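Protein chains in written order, with the working numbering: chain A, 1 to 70; chain B, 1001 to 1238. Built from N, CA and C at the ideal position, the CB exists for glycine as well. Nothing here was measured: the structure is a model prediction, and the numbers come from that model.
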Amino acid sequence: MDALAAAIAVSIAALGASIGNGMVISKTIESIARQPELEGKLRMTMFLGVGLIEAVPIMAVVIAFILVFR
Amino acid sequence: MEETLVINVLGLSIGVNTLLSLVATVLLVWVFCMVSTKSMSVDKPGKAQLMLEWVYDFVRGLVGGAITDSKVQMYNLLGMTLLLFVFIANMVGLGFILTIKDYSIWKSPTGDPIVCLALALIMIILSHYLGVDKLGFKQYIKSSYMQPVSFMLPINIIEEFTNTLTLALRLYGNIFAGEVLLGLIASLGGSFFPVTWVIGIPLQMVWQGFSLFIGSIQAYIFVTLTMVYMSHKVETEH
Chain A
1 MDALAAAIAV SIAALGASIG NGMVISKTIE SIARQPELEG KLRMTMFLGV GLIEAVPIMA
61 VVIAFILVFR
Chain B
1001 MEETLVINVL GLSIGVNTLL SLVATVLLVW VFCMVSTKSM SVDKPGKAQL MLEWVYDFVR
1061 GLVGGAITDS KVQMYNLLGM TLLLFVFIAN MVGLGFILTI KDYSIWKSPT GDPIVCLALA
1121 LIMIILSHYL GVDKLGFKQY IKSSYMQPVS FMLPINIIEE FTNTLTLALR LYGNIFAGEV
1181 LLGLIASLGG SFFPVTWVIG IPLQMVWQGF SLFIGSIQAY IFVTLTMVYM SHKVETEH
């Protein structure tokens, strides 16, 4: 049962992280296409956004590891 | 999830793997800074000095985006120390992970929740102290807890705890998950020599590269968020 719980946690975490990241990165690509001279700043802001979005799904992954390895 | 040797100091239990890698991280940062500033010159800088100057310029851009204060040098120095420490701490666990007889004796220091919580707690308490130092106690209470309406006080108090927890657990989760996967791919690669070496070694290299990328992004995010939280306490809206 622990393995099932870990699998459900990781799958929903992966879904959440990828949908969130996809939205941010697609908006960044669009903005770079509109204003190519701001590419450096937009790229740094994109990485900041990706790191912030991935924080909570990573916590779910850590909880899944705790379930599986103990 | 490995066991580790634990030493007890004054009733607190300290894990030996975190202790070893923390000391190594501090020594590495210190040696890097000493080597880069050994013989500095304005018109013929060496490579190490150029690298340190690049790091300082990067931190100055980070801090300048968050804090507009006259005494910005203090925040520059804090940001540079924090960035170097967190970046090198995320990197030391990538080269090798040592386990002797089922006891782990080397891993990333930021892969330990205690180290990450200590870092985040220090930064948040420092931001409160700097806020009181700059604005005086009454103005500090008014501008960071009673904003924008005074019944937002419980929400602002909860926000303090949330900021600390997420700042710490974001760094811990990323580095810890990376290390667990490093161990898993290593045990996959070592299970049936030589067939699994062909899959295991390139996969391990790819994952180490990705972990390098994630480690640097997380260091950048930690420093940026620290500066943003400090700017919330130090600057008032007129």
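Item, Value
"Tell me whether the region 1002-1019 of chain B and the region 1189-1205 of chain B touch, counting them as touching only if at least three CB pairs, one residue from each stretch, are closer than 8 Å.", "no"
"For L1169(B) and chain A, any beta-carbon pair shorter than 9 Å?", "yes"
"Quick one: list the residues of chain B neighbouring L48(A), beta-carbon separation under 8 Å, in chain order.", "Y1220, I1221, T1224"
"Would E39(A) pass as an interface residue toward chain B - the criterion being a Cβ-Cβ separation below 9 Å?", "no"
"Got a sec, what are the start and stop residues for the alpha helix (DSSP H) S1231(B) sits in?", "1195-1234"
"F1087(B) CB to nearest chain A CB: under 9 Å?", "no"
"Pairs of beta-carbons, one from the region 1143-1153 of chain B and one from the region 31-49 of chain A, closer than 8 Å: are there three or more?", "no"
"Distance, Cα to Cα, C1033(B) vs Y1172(B)?", "26 Å"
"For the beta strand (DSSP E) containing I997(B), list its first residue and its last residue.", "In this structure chain B extends from 1001 to 1238, so residue 997(B) is not present and cannot be described."
"Among all the DSSP beta bridges, which residues are the ones paired with V1009(B)?", "L1012(B)"
"How is the alpha helix (DSSP H) around M1123(B) delimited, first residue to last?", "1113-1135"
"Can you tell me which of the three DSSP states S1191(B) falls into?", "coil"
"Cβ of L1027(B) within 9 Å of Cβ of L1078(B)?", "no"
"Within its chain, find whatever has a CB closer than 6 Å to the CB of Q1049(B); leave out the 5 residues flanking it on each side and keep chain order.", "S1036, M1040"
"Going along chain A in order, which residues have a C-beta closer than 7 Å to the C-beta of V1180(B)?", "F65"
"Could you say which of T1224(B), I1114(B), Y1229(B) lies nearest to T45(A) if we only look at CA atoms?", "T1224(B)"
"How about T1226(B) and M1080(B): are their beta carbons less than 9 Å apart?", "no"
"Count the other C-beta atoms from every protein chain shown that fall within 10 angstroms of the C-beta of Y1140(B), then say buried if there are 16 or more, exposed otherwise.", "buried"
"If you measure between the beta carbons of A9(A) and I58(A), is that distance less than 9 Å?", "no"
"Report the rounded CA-to-CA distance for G1065(B) versus A3(A), giving the unit in angstroms.", "45 Å"
"Put R70(A) into one of helix, strand or coil per three-state DSSP.", "coil"
"Does DSSP put G1046(B) in a helix, a strand or coil?", "coil"
"Confirm, please, whether the CB-CB distance from V1029(B) to I1100(B) is below 9 Å.", "no"
"For V50(A), report the span of its alpha helix (DSSP H) as first-last.", "39-53"
"Pull up the distance between the alpha-carbon of L1182(B) and that of S1108(B), whole angstroms please.", "12 Å"
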